[in-house]
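Chemist: Note that my numbering has the sequence shown beginning at 50, numbered continuously upward. Glycine residues also receive a C-beta, built at the ideal position from the N, C-alpha and C atoms. Sharing a structure here in structure tokens format.
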Amino acid sequence: MAENTSQTITYDDFARIDIRVGTIVDAKPFPEARKPAIRLWIDFGDALGVKRSSAQITVHYAPDRLIGRQVCAVVNFPPRQIGPFMSEVLTLGLPDENGEVVLIRPDFTVPDGGRLF
50 MAENTSQTIT
60 YDDFARIDIR
70 VGTIVDAKPF
80 PEARKPAIRL
90 WIDFGDALGV
100 KRSSAQITVH
110 YAPDRLIGRQ
120 VCAVVNFPPR
130 QIGPFMSEVL
140 TLGLPDENGE
150 VVLIRPDFTV
160 PDGGRLF
């Protein structure tokens, strides 16, 4: 059993993290990245529009198979420069048994831009 090293937070702390669902509308290889990655363009609906993300997900995903898939992402972190690409959101995933990223997504299709609560 893994040791819990997390600090306790309040609901207000959690509410400050803006996690939204969006649909991947484009995905391209990112050969310039130091670690293998894919560049994603994710549509978060009318309120947020399309945002970019760099994700180290090449073990389980090919760019052409990602288009149309819904994913969850943190949308209120500051943008981060990843080589020549500006990543605007943090696409969320969980490690598989080998530590490789498996994307988080809803069980059913939901409206883009919906906020996790």
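Report yes if the C-beta distance between P160 and G117 is below 8 Å; otherwise report no.
Modeler: The Cβ-Cβ distance between P160 and G117 does not fall below 8 Å.
Chemist: Tell me whether F63 sits in a helix, a strand or coil according to DSSP, three-state version.
Modeler: Here F63 sits in helix by DSSP.
Chemist: I think R164 touches D67, with their Cβ atoms under 8 Å apart; what is that distance to the nearest whole Å?
Modeler: 7 Å
Chemist: In the structure shown, what three-state DSSP assignment does D156 receive?
Modeler: coil
Chemist: With A112 as the anchor, note down where its alpha helix (DSSP H) starts and where it stops.
Modeler: The residue asked about is misnamed: residue 112 is Pro in this sequence, not Ala. Here the alpha helix (DSSP H) through P112 covers 112-115.
Chemist: According to DSSP, is T140 helix, strand or coil?
Modeler: strand
Chemist: Going by C-alpha to C-alpha distance, which of F166, P128, V108 sits closest to D145?
Modeler: V108
Chemist: Using alpha carbons as the reference points, say which of P80, G132, V151 lies closest to T140.
Modeler: With distances taken between Cα atoms, T140 lies closest to V151.
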